[in-house]
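The numbering of the sequence shown is the numbering used here, which starts it at 2 and goes up by one. Every residue gets a Cβ at the ideal spot worked out from N, C-alpha and C, and that includes glycine.
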Amino acid sequence: HYLLRTTKEFVSADELAQMFEDAGMHNVTYKKFTLGAAALHLGRP
Numbered sequence: 002h003y004l005l006r007t008t009k010e011f012v013s014a015d016e017l018a019q020m021f022e023d024a025g026m027h028n029v030t031y032k033k034f035t036l037g038a039a040a041l042h043l044g045r046p
């Protein structure tokens, strides 16, 4: 039950990208993998 419960607390890829930008990162991009189960986010300071 742990995984089911905790996955509801994850932020979306879009939300995480916005968090990067809010933290001062520039040129933030991301690529989703495994039907969106994982994402790689990149940004420049």
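- Per the C-alpha coordinates, the member of Glu10, Thr35, Asp23 positioned closest to proline 46 is Asp23.
- Around threonine 35, the same chain offers no residue with a beta carbon nearer than 7 Å, after the five sequence neighbours per side are excluded.
- Boundaries of the alpha helix (DSSP H) around alanine 18: 14–23.
- For threonine 30, no alpha helix (DSSP H) encloses it; the enclosing beta strand (DSSP E) starts and ends at 27–34.
- Between phenylalanine 21 and histidine 42, the gap from beta carbon to beta carbon is short of 9 Å.
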